[in-house]
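Note that numbering that gives the first Met the number 0 has the sequence shown beginning at 0, numbered continuously upward.
Glycine residues also receive a C-beta, built at the ideal position from the N, C-alpha and C atoms.
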Amino acid sequence: MKILRVFNNNVVLAKDGAREVIVTGRGLGFQAKPGQRVDDAKIVRVFVPADGRDPDHIAELLSEIPPEIIRLVTDAMTAFGLSADKAGHFADVLAQASSKSNTNVGMMGETFKYVAPVAGALGYSVEDAAVAIGLMANSGIKSSQAGTALRQTLTRLAKPTDEVEAAMEDLGISLTDSEGNMKSLGEVMLDMRKGFKNLTKDQQAQYAASIAGQEGMSGLLAIVNASDEDFNTLTKAIQNSDGAAQSMADTMQDNLKGAVTIAKSALEGLGITVYEEISTPMKNAVETATE
0 MKILRVFNNN VVLAKDGARE VIVTGRGLGF QAKPGQRVDD AKIVRVFVPA DGRDPDHIAE
60 LLSEIPPEII RLVTDAMTAF GLSADKAGHF ADVLAQASSK SNTNVGMMGE TFKYVAPVAG
120 ALGYSVEDAA VAIGLMANSG IKSSQAGTAL RQTLTRLAKP TDEVEAAMED LGISLTDSEG
180 NMKSLGEVML DMRKGFKNLT KDQQAQYAAS IAGQEGMSGL LAIVNASDED FNTLTKAIQN
240 SDGAAQSMAD TMQDNLKGAV TIAKSALEGL GITVYEEIST PMKNAVETAT E
């Protein structure tokens, strides 16, 4: 690929065969000039504009977002099997979960970085994962700590040792239903909450350690000990999250520049998905995003 235009140190417009593409990566545009080849080692993402979309306009918007945030969001979407046209919905889920729990979108994005590959591999939805993340955040477990805790818990449940399997059997926890079909993460959380409900604090700690290990037990306890009201309210809010990113952006700053400011500060976790949701010219602007 040859550089056509340099937008900043991290975003360039390039020629890839017969098409123009937007290439992002930390330091990709530093001291680069049109006509030079793109440094493949620095590429984070290559965005292909949909037919009729202005690549210069899209690149200008992308230049406002740190490349590592773009990687974080697109990696999470890929892990959950979400296509590019679902970017707006992903933004809504993050915005709704963060506004209804004790966290922010940036921290949620960091959590997803750790847990998305495992949750996605198990076929769990981004909505159910967001509920678990929100419940942990309400107990002060956030960002990478929450991601590590939930990843540890899911990994041990999916491939249980004898100790984990015994604890799951005692508490009536299973990843599959009576017909052998995978349960949703929401259903698994309900099973865990039911199994832990009548235990003493000491028993809860013992079983949580057995199931989730030392790294995951605090997150598990946060999920099972949340009140029914908090659990149901958060679940309902996230399941009905469409439009949340738009509402959040409107509340804070009612313009595209304001949305850029949001993405670069408290709402960094939204990354590029901010634009997919709140800017009409950006809707369906990105057809594919590939390594």
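Just to confirm, are residue i and residue j a CB contact at a threshold of 9 Å?
{"i": "G218", "j": "L149", "result": "yes"}
{"i": "M181", "j": "L233", "result": "no"}
{"i": "G185", "j": "S100", "result": "no"}
{"i": "F111", "j": "A86", "result": "no"}
{"i": "I237", "j": "V114", "result": "no"}
{"i": "A136", "j": "T175", "result": "no"}
{"i": "V187", "j": "T154", "result": "no"}
{"i": "T147", "j": "I210", "result": "no"}
{"i": "Q203", "j": "L220", "result": "yes"}
{"i": "L170", "j": "D190", "result": "yes"}
For residue i, name the three-state secondary structure that DSSP assigns.
{"i": "L198", "result": "coil"}
{"i": "I237", "result": "helix"}
{"i": "A166", "result": "helix"}
{"i": "P109", "result": "Just to set this straight, residue 109 is Glu in the shown sequence, not Pro. If DSSP states are grouped into helix, strand and coil, E109 belongs with the helices."}
{"i": "L81", "result": "coil"}
{"i": "E178", "result": "coil"}
{"i": "I210", "result": "helix"}
{"i": "L189", "result": "helix"}
{"i": "I291", "result": "This structure gives no information on residue 291, because the portion of the chain shown stretches from 0 to 290."}
{"i": "T23", "result": "strand"}
{"i": "T57", "result": "As written in the sequence, residue 57 is Ile, which differs from the Thr given in the question. Three-state DSSP puts I57 in a helix."}
{"i": "D38", "result": "coil"}
{"i": "V10", "result": "strand"}
{"i": "I172", "result": "coil"}
{"i": "V47", "result": "strand"}
{"i": "I2", "result": "strand"}
Have a look at residue i and residue j and give me their C-alpha separation to the nearest angstrom.
{"i": "T23", "j": "T77", "result": "17 Å"}
{"i": "V45", "j": "Q95", "result": "28 Å"}
{"i": "K141", "j": "Q35", "result": "42 Å"}
{"i": "L27", "j": "R70", "result": "14 Å"}
{"i": "K14", "j": "V47", "result": "11 Å"}
{"i": "E19", "j": "P54", "result": "7 Å"}
{"i": "A225", "j": "L134", "result": "7 Å"}
{"i": "N231", "j": "R192", "result": "12 Å"}
{"i": "A165", "j": "V10", "result": "52 Å"}
{"i": "F6", "j": "A207", "result": "50 Å"}
{"i": "L3", "j": "T73", "result": "24 Å"}
{"i": "M0", "j": "R25", "result": "17 Å"}
{"i": "D39", "j": "N8", "result": "15 Å"}
{"i": "I42", "j": "E59", "result": "17 Å"}
{"i": "K196", "j": "V223", "result": "8 Å"}
{"i": "M167", "j": "M106", "result": "30 Å"}
{"i": "E228", "j": "K235", "result": "11 Å"}
{"i": "E178", "j": "S143", "result": "35 Å"}
{"i": "G139", "j": "P33", "result": "48 Å"}
{"i": "E214", "j": "A145", "result": "10 Å"}
Leaving out five residues before and five after residue i in sequence, what residues of the same chain have Cβ atoms less than 6 Å from its Cβ?
{"i": "L266", "result": "The predicted position of L266 is uncertain, since its pLDDT is 30 and thus under 50; no value can be drawn from it."}
{"i": "A243", "result": "D91, A94, Q95"}
{"i": "A31", "result": "I2, V5"}
{"i": "M216", "result": "A207, A208"}
{"i": "T199", "result": "none"}
Rounded to the nearest angstrom, how far is the Cβ of residue i from that of residue j, given a contact under 8 Å?
{"i": "G16", "j": "F79", "result": "With 8 Å as the limit, G16 and F79 do not qualify as a contact, their Cβ atoms being about 30 Å apart."}
{"i": "D127", "j": "S183", "result": "6 Å"}
So, at 7 Å on beta carbons, what are the nonlocal neighbours of residue i in its own chain, with the 5 sequence-adjacent residues on each side left out?
{"i": "G212", "result": "Q151, R155"}
{"i": "G194", "result": "L170, G171, I172"}
Spatial neighbours of residue i within its chain, please: CB distance less than 8 Å, with the 5 preceding and 5 following residues excluded, ordered by chain position.
{"i": "D241", "result": "H88, D91"}
{"i": "D253", "result": "Only weak support exists for where D253 lies, its pLDDT of 44 falling under 50; the coordinates are left without a value."}
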